[in-house]
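Asker: Below are the structure tokens for one structure; questions will follow.
In the working numbering, the protein residues as written are 159 to 384.
See below:
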């Protein structure tokens, strides 16, 4: 029997060994079961999640959150996006159909940060693919989502909260622009300056080379002053 590849994730709650693909703990995912039940209930009855259903789904969401953060840290943005999208489906399902209104409100508070994470991961993936326009569009989608959820739920997401989150997104948006400019700059692949070469030589304790570079700098400066 072929075993799935594992990753090791260390958290305050302990150490987890998670599968790279499928449900992180290797069990059958429960989300598809609930999505099927929801579809079957359309036009027939009301689809409702009781507290035990919410517990099962939230446990699954926690596992995907652990794995998505791991993939984000190592720069595997495609898998990170895959996992956060599953988490988004779970939270949206709970907030829309949980019979307990307190649980709806509890899980709603996590949805904006989930959206920030999702769009940031999508933007990082677009940057790797050098699609900078798409990267900025992803961040703009997150900003629009935050503004809308703050408008609909002002008591849960007040103005000060919105301002802080939008500033967080602006940093990512500006980072996209800086990367874009650097990638297009004609100086991006230019050779290192003599001063940069000198710093490298000194750091590597290559003192003879450093002395040669200093001589080249003096000759250059002397020629420039004539």
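From the three backbone atoms N, C-alpha and C, an ideal C-beta is built for every residue, glycine too.
I'd like the list of long-range same chain contacts for residue 266, defined as Cβ closer than 6 Å, with 5 residues on each side in sequence excluded.
Answerer: Excluding residues within five positions, the ones whose Cβ falls inside 6 Å are 253.
Asker: Below 8 Å CB to CB, which residues in the same chain sit around residue 215 once its five sequence neighbours on both sides are set aside?
Answerer: Taken in chain order, the residues that qualify are 188, 189, 192, 207, 248, 251 and 252.
Asker: For a test of the three-state rule: what should DSSP assign to residue 427, helix, strand or coil?
Answerer: The structure shown does not extend to residue 427, since the chain is modelled only from 159 to 384, so the question has no answer here.
Asker: What separation, rounded to the nearest whole angstrom, lies between the Cα atoms of residue 236 and residue 195?
Answerer: About 29 Å.
Asker: Hey, residue 221 and residue 277: beta-carbon distance below 9 Å or not?
Answerer: No, Cβ-Cβ distance for residue 221 and residue 277 is not below 9 Å.
Asker: Out of 282, 351 and 314, which one is the CA nearest neighbour of residue 296?
Answerer: Ranking the options by Cα distance to residue 296, first place goes to 282.
Asker: So, at 6 Å on beta carbons, what are the nonlocal neighbours of residue 261 in its own chain, with the 5 sequence-adjacent residues on each side left out?
Answerer: Excluding positions up to five away in sequence, the list reads 212.
Asker: According to DSSP, residue 207 sits in a beta bridge with which residue or residues?
Answerer: For residue 207, which the question treats as bridged, DSSP gives the partners 256.
Asker: Measuring CA to CA, which of 361, 354, 318 and 363 is closest to residue 375?
Answerer: Of the listed residues, the one whose Cα sits closest to residue 375 is 354.
Asker: Taking its Cβ as the centre, do 16 or more other Cβ atoms sit within 10 Å of residue 345, making it buried, or is it exposed?
Answerer: A caution first: residue 345 carries a pLDDT of 45, below 50, which makes its placement in the model unreliable, though a value can still be read off. That one is exposed.
Asker: What residue range does the alpha helix (DSSP H) around residue 164 cover?
Answerer: First-last for residue 164: 164-169, but that is the beta strand (DSSP E), not the alpha helix (DSSP H).
Asker: Judging by CA-CA distance, which residue of 333, 164, 308 and 330 is the nearest neighbour of residue 321?
Answerer: Ranking 333, 164, 308 and 330 by Cα distance to residue 321 puts 308 first.
Asker: How would you write the range of the alpha helix (DSSP H) that residue 351 sits in, first residue to last?
Answerer: Note, residue 351: premise wrong, no alpha helix (DSSP H); not H, not E.
Asker: With H, G and I counted as helix, E and B as strand and the rest as coil, what does DSSP make of residue 173?
Answerer: Residue 173: strand per DSSP, three-state reduction.
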